[in-house]
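Have a look at the structure below, then the notes.
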């Protein structure tokens, strides 16, 4: 299984989802590939936001080695599932799909709920981490059932 996590800038939410999912996959002994990307190009080549790195570390996950990159249409060929954090990300990713098969790969991480962007509110990093962790655990359960 190859999973891509996508948010706007690939510095807050998707790096957390990437790190959390890798941690769960490792814990379960699964041989899955996990990556993350952003729909925007502002942070290409940068590490995740320091607040995302800090909150991940608080929960025992190291995301400091991740490097921000932009989502490309080639990601549809590389990944089995593409999880986006909000409806804007959903719209942007779906706009790059080449086929109905590509479109079927794209889903909101939390099914019908969006993951709020904590970038402008430091107090949101902890709740966002917990939301994303719950969503990632549900995805693994669904994929294994």
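Numbering (the numbering used here), first residue to last: -13 to 131. Here a beta-carbon is modelled for each residue, glycine too, at the ideal position from N, C-alpha and C. From a predicted model like this one, the values you see are computed outputs, not experimental measurements.
Closer than 8 Å to chain B by CB, residue i
i	result
residue 102	Of the protein chains in this structure there is only one, and it is not chain B.
Test item: CB-CB of residue i and residue j under 8 Å
i	j	result
residue 27	residue 52	no
residue 83	residue 62	yes
residue -11	residue 67	yes
residue 2	residue 79	no
residue 15	residue -5	no
residue 41	residue 122	no
Close-in-space but distant-in-sequence residues of the same chain around residue i (CB under 6 Å, 5 per side omitted)
i	result
residue 105	-2
residue 39	49 and 50
residue 8	20
residue 126	10
residue 0	-9, -8, -7 and 22
Residues near residue i in its chain [Cβ-Cβ closer than 7 Å; skip 5 each side]
i	result
residue 30	54, 55 and 56
Contact set for residue i: own chain, Cβ-Cβ below 8 Å, skip 5 residues either direction
i	result
residue 100	71, 72, 73 and 94
residue 4	-9, 20, 21, 22, 49 and 52
Where residue i falls, given that 16 or more other Cβ within 10 Å makes a residue buried
i	result
residue 46	exposed
residue 131	exposed
residue 107	exposed
residue 85	exposed
Residue i versus residue j - alpha carbon distance
i	j	result
residue 50	residue 90	31 Å
residue 98	residue 59	24 Å
residue -13	residue 75	22 Å
residue 37	residue 129	30 Å
residue 88	residue 120	25 Å
residue 116	residue 69	16 Å
residue 65	residue 109	32 Å
residue 35	residue 113	16 Å
residue -7	residue 102	10 Å
residue 17	residue 32	27 Å
residue 12	residue 92	23 Å
For residue i: DSSP bridge partner residues
i	result
residue 11	Answer by DSSP bridge pairing: none, since residue 11 is not bridged.
residue -12	19
residue -7	24
residue 56	24
residue 100	Answer is none; residue 100 lacks a bridge partner.
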